[in-house]
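Since the structure comes first, as structure tokens, the remarks are kept for the end.
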Amino acid sequence: MTPPSPPPPRFHRGRLPGLLELPHLEGATEPPALAQYLLQAGSRLTASSGTVGALGLSHGTVRVAEHPAVDRTCVIGPAQRRAQQQPDAAPSPGIPVLTSGETVALLVDAALRSIVVAGCYNTLLPAALAVSALAHLNPGWIVERAPADRAPGHTSGGDLLIAVLPSPDAGTAPCSPTVLVVTGVARAGADTAEMDRALDALLPIAL
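Residue 1299 in my numbering sits at position 127 of the sequence shown, with consecutive numbering throughout.
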């Protein structure tokens, strides 16, 4: 009698999406959580010297390149850059340009389980609380600030990812988290039309 096969190991179901294996990072203004997570997950990052310095990354872990090489699988940059970019002005033919929000969304969808914190109010505290409260589940995270002086970007080998998505107008893409925590859909005010617009922009995250 053939013994049963052992259960498969528990890790991020998609591991690292192929699109994020060889990314080029440029113009980063957000905290270094995403870059830290990608490096720990096995991405072979390149970045301009200015980006490396701004994010406090080590030259030993990131290859400095002022422009993306043809072997890059994507370019990760600010939403404003892509919005201003002309269709024929791509960094290199055939290389997709992603915002940091779109990149986080890809990682969320690659995780077996995920908790996403999004909204127009404070996302720092709910995300940090989730990381701390669920430490026994060995989560990975991409957050603004992690508790106990941990790095804001961390992979764990577990099957849970906790992530903060930027506001939709900063380049966030739809994704399918296991749990979505919404901190707010509009700034305080009497403009119901503004609230409706904010809600319409946020809802696609959970589609």
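Backbone N, C-alpha and C fix where the C-beta goes; we use that ideal spot for every residue, glycine too.
The structure displayed is predicted, hence computed values, not measured ones.
Judged by DSSP secondary structure, proline 1195 falls within the beta strand (DSSP E) whose first and last residues are 1195-1197. Counting C-beta atoms within 10 angstroms of its own C-beta, threonine 1275 has 16 or more neighbours from the protein chains shown and is therefore classed as buried. A contact between stretches requires three or more CB pairs, one per stretch, nearer than 8 Å, and the region 1281-1296 fails this requirement with the region 1217-1226. Listed in chain order, the alpha helix (DSSP H) runs fully inside the region 1207-1234 are 1221-1226, counting runs of at least 4 residues.
Per DSSP, the unbroken beta strand (DSSP E) holding glycine 1312 starts and ends at 1312-1314. When only Cα atoms are considered, proline 1311 and alanine 1237 end up about 32 Å apart. Here leucine 1284 carries a coil assignment [DSSP, helix/strand/coil]. The beta carbon of glutamate 1193 is closer than 8 Å to those of Gly1214, Ser1215, Arg1216, Thr1245 in its chain, skipping five residues each way along the sequence. At a Cβ-Cβ threshold of 9 Å, glycine 1325 and glutamine 1208 count as neighbours. Residue environment for histidine 1308: exposed (fewer than 16 other C-beta atoms within 10 angstroms of its C-beta).
No Cβ-Cβ contact shorter than 9 Å links alanine 1226 with histidine 1196. Glutamine 1212 and valine 1234 have their C-alpha atoms some 12 Å from each other.
CA-CA distance, serine 1304 to proline 1319, rounds to 7 Å. With 16 or more neighbouring CB atoms inside 10 Å of its own CB, threonine 1295 falls in the buried class.
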